[in-house]
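Step one of this worksheet: look at the structure below.
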Amino acid sequence: MQGRIAQLVAERKDTQVFIRADDKADYGRVVAAMAALQRSGVTRLGLVTEAQQ
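Start counting at 1 in the sequence shown, then tack on 283, and there's your number in my numbering.
Structural data, given as structure tokens:
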């Protein structure tokens, strides 16, 4: 996965990645995914949240 992401980032310098995970998601896995994205060259990374209703 990292290789493909690095390839996409190289092709599109303005790549943005947004991660959305629910409250059942394992925090460690989300952080690991974010770290892998950063190692692949992603510099614009965000988390998507939804307001509680």
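C-beta atoms are modelled at their ideal positions from N, C-alpha and C, and glycine is treated no differently. These numbers were taken from a predicted model, which means no experiment stands behind them.
*Beta carbon of I302, beta carbon of A319: below 8 Å?*
Within the sequence shown, the letter at position 19 stands for residue 302. Within the sequence shown, the letter at position 36 stands for residue 319. Result no, Cβ atoms of I302 and A319 do not sit closer than 8 Å.
*Let me know the secondary structure DSSP gives R312 once reduced to three states.*
As a first step, residue 312 is located in the sequence shown; it is residue number 29 there, counting from the start. Helix at R312.
*asked:* Give me the DSSP bridge partner(s) of G329.
replied: By one-based count along the sequence shown, residue 329 stands at place 46. For G329, which the question treats as bridged, DSSP gives the partners F301.
*Does the separation of the CB atoms of Q299 and R327 fall below 8 Å?*
For the purposes of this step, residue 299 is identified with residue 16 of the sequence shown, where counting begins at 1. For the purposes of this step, residue 327 is identified with residue 44 of the sequence shown, where counting begins at 1. Cβ distance < 8 Å, so Q299 and R327 count as in contact.
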